[in-house]
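Visitor:
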Amino acid sequence: MAPARPNWLAYDWGLVFLVAAIVALGFVNLGSAAPDPALLYRQSVALGLGLLLAFLLQFLSRRRLFGLAYPLYGASLLLLALVLVVGREINGARAWFVLGPLQFPPLELAKLGLLLALAKALEGRPIARVWDYALPALLTLPVVGLLLLQPDLGGALVVLFGVFVVVFVRGLPWRHLLVPTAVWPNLKPYQRERVLIVLDPYRDPLGQGFQVIQSTIAIGSGGLFGKGYGQGTQAQLGFIPFRHTDFVFSVWAEEWGFVGVVGLLGLYGLLLARLFALALACPRLSDRLFLSGFAGMLGFQVVVNLGVALGVMPVTGLTLPLFSYGGSSLIATLAGLGLVLLVHRDRYQD
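Structure below.
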């Protein structure tokens, strides 16, 4: 099959503009938050690679993409299993392949592979009875199980929320919305402690609660207009740990204040609204499921990262998409957005 020839006029350029605006602000913030200037260079390389990958993906067709759904899903499962054997442990999780200066978490491929597989599998299968959950469960549980073995609870939660959005859009009956009660007893001690720290960060102010306390101090001290670029005391004096990744929002809030926070959150709100609008514009159910699931995963990461910075959610290690430092995350997010543009472009194909 010959490569598709993209019709550049058929793309949603409003989505492209929103993504570009968030990425640009992320680079501005990283210039102040990064403890090492070399991180800006690495992030720039990742941006170039992500844009190149998103561009090359446009030469696929929607039909070809969904034809690769199951192979991509299978490959992602293989990589998730392989990383447990040959991957490198970073921050307590064996979740990374490391090849020289390159680091790649197979989670990013698994998210896209699972979404495509679910969208394709559920297109002709309604969700009405309990046993109708068997297929999405069979596709989801291997991914979640392998992530928990790493362990990567944050990544597992992102996957589960994305699957929930897919099933919900497919037609989840309201009576099936039950909150599981078996989660807490099965959490590991350090995971329980992260939840308890949210309720009382001062139970361990120099340990588990230190990050949350310093983050909330930074956000609160920003005031209306902030302290100014590069003038945030909590960030520049090193009180905020992981200030260029997990707590990058705290740096932004301290230096740009309430006005800057509203502007950034407004961009994220418009981005998510645009993604769901593109999903609704697709006549095929499989396309709507994929776009909605991707938007759900992206939105979940945004909400959790902001919640951690504000001290209302336990620390999970999830970065702020398109804004935090992290080459693999930026590349994978741009690739996913490239697939969104591709599917929306070909929504009337055949």
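Here the sequence shown stands for residues 849 to 1198, where the numbers follow the numbering used here.
Cβ atoms here follow ideal geometry from the backbone N, Cα and C, with glycine treated the same way.
How is isoleucine 1179 classed by DSSP in three states: helix, strand or coil?
Guide: Three-state result, isoleucine 1179: helix.
Visitor: Would you please state the rounded distance, in angstroms, between the beta carbons of histidine 1092 and proline 953? I believe it to be under 8 Å.
Guide: Histidine 1092 to proline 953, Cβ: 18 Å. No contact.
Visitor: Alpha carbons only, please: which of Pro1162, Gly1105, Leu1185 and Glu1102 is nearest the one belonging to alanine 1143?
Guide: It is Leu1185.
Visitor: Assess contact between the segment 1173–1184 and the segment 884–895, defined as three or more Cβ pairs (one per stretch) separated by less than 8 Å. Is contact present?
Guide: Flag = yes, the segment 1173–1184 and the segment 884–895 touch.
Visitor: With a threshold of 6 Å on Cβ separation, who are the neighbours of leucine 887 within its own chain once the five nearest residues in sequence on each side are excluded?
Guide: Tyr1173, listed in sequence order.
Visitor: Which whole-angstrom value describes the C-beta separation of valine 991 and leucine 895, a residue pair presumed to lie in contact below a C-beta threshold of 8 Å?
Guide: With a Cβ gap of about 27 Å, valine 991 and leucine 895 do not count as contacting.
Visitor: Okay, do the segment 1062–1078 and the segment 1157–1173 touch, 3+ Cβ pairs below 8 Å being the bar?
Guide: Yes: the two stretches touch, three or more of their Cβ pairs being nearer than 8 Å.
Visitor: For the segment 1124–1144 against the segment 1100–1113, are there 3 or more C-beta pairs whose distance is under 8 Å?
Guide: Contact between the segment 1124–1144 and the segment 1100–1113 is absent, because fewer than three Cβ pairs lie under 8 Å.
Visitor: Which parts of the segment 1092–1131 are runs of the alpha helix (DSSP H), unbroken and 4 residues or longer, counting only runs that do not cross its ends?
Guide: Fully enclosed alpha helix (DSSP H) runs of 4 or longer: 1096–1128.
Visitor: In the DSSP assignment, find the alpha helix (DSSP H) that holds valine 946 and state where it starts and stops.
Guide: First-last for valine 946: 941–947, but that is the beta strand (DSSP E), not the alpha helix (DSSP H).
Visitor: What's the call for threonine 1081, buried or exposed, on a 16-neighbour Cβ count within 10 Å?
Guide: With fewer than 16 other Cβ atoms within 10 Å, it is exposed.
Visitor: Could you have a look at glutamine 951 and say whether DSSP puts it in helix, strand or coil?
Guide: It is a strand residue.
Visitor: For leucine 962, which residues from the same chain have a beta carbon less than 8 Å from its beta carbon, with the 5 sequence-adjacent residues on both sides left out?
Guide: Excluding positions up to five away in sequence, the list reads Tyr921, Ser924, Leu987, Thr988, Val991, Val1007, Gly1010 and Val1011.
Visitor: Quick check: threonine 1164 and glycine 1002, are their CB atoms within less than 8 Å of each other?
Guide: In this structure, glycine 1002 lies closer than 8 Å to threonine 1164 by Cβ.
Visitor: May I ask you to list the residues that DSSP assigns as paired with glutamate 956?
Guide: Note: glutamate 956 sits in no beta bridge, so no partner.
Visitor: Which residues in the same chain as leucine 863 place their Cβ atom closer than 6 Å to its Cβ, once the five residues preceding and following it in sequence are excluded?
Guide: The residues are Arg1122.
Visitor: According to the Cβ coordinates, are lysine 959 and methionine 1145 closer than 8 Å?
Guide: Cβ distance < 8 Å, so lysine 959 and methionine 1145 count as in contact.
Visitor: Quick one: give me the first and last residue of the beta strand (DSSP E) that isoleucine 938 is part of.
Guide: Element bounds for isoleucine 938: 936–938.
Visitor: Between the beta-carbon of valine 1017 and the beta-carbon of leucine 930, is there less than 8 Å?
Guide: For valine 1017 and leucine 930, no; Cβs fall outside 8 Å.
Visitor: Rounding to the nearest angstrom, what Cα-Cα distance links leucine 1154 and leucine 1168 in this structure?
Guide: Their Cα atoms are separated by approximately 8 Å.
Visitor: At the level of alpha carbons, what is the spacing between tryptophan 944 and leucine 970?
Guide: Looking at the two C-alpha atoms, the distance is approximately 31 Å.
Visitor: Which residue comes first and which comes last in the alpha helix (DSSP H) that contains phenylalanine 1073?
Guide: Phenylalanine 1073 -> no alpha helix (DSSP H), and no H or E assigned at all.
Visitor: Under the criterion of a Cβ to heavy atom distance below 7 Å, does leucine 955 qualify as lining the ligand PLP?
Guide: Of ligands this structure carries none, so the ligand PLP is not represented either.
Visitor: Got a sec? Which residues, its chain only, sit under 7 Å from alanine 881 by beta carbon, not counting five neighbours each side?
Guide: Closer than 7 Å at Cβ, skipping near neighbours: Ala1083, Arg1091, His1092, Val1096 and Val1099.
Visitor: Return the chain-ordered list of same chain residues with a C-beta closer than 6 Å to the C-beta of serine 1134, the five sequence neighbours on each side being excluded.
Guide: Only Ala967, Lys968 and Glu971 meet the Cβ criterion.
Visitor: Which of the three DSSP states is assigned to valine 1188 in this structure?
Guide: Helix at valine 1188.
Visitor: Helix, strand or coil for glycine 993 per DSSP?
Guide: Of the three classes helix, strand and coil, the one that applies to glycine 993 here is helix, per DSSP.
Visitor: Along the chain, where does the alpha helix (DSSP H) containing valine 1163 start, and where does it finish?
Guide: It is not in any alpha helix (DSSP H) - valine 1163 carries neither H nor E in the DSSP assignment.
Visitor: Near leucine 1118, what residues of its chain come up, given a Cβ to Cβ distance below 7 Å and the 5 sequence neighbours on each side ignored?
Guide: Cβ within range, chain order: Leu866.
Visitor: By a C-beta neighbour count over all protein chains shown, 10 Å radius and 16 as the cutoff for buried, is proline 984 buried or exposed?
Guide: Buried, because 16 or more other Cβ atoms sit within 10 Å of the Cβ of proline 984.
Visitor: So what's valine 1027 in DSSP terms, helix, strand or just coil?
Guide: The predicted model places valine 1027 with a pLDDT of 48, which falls under 50 and marks its position as unreliable; any figure quoted below should be read in that light. Of the three classes helix, strand and coil, the one that applies to valine 1027 here is coil, per DSSP.
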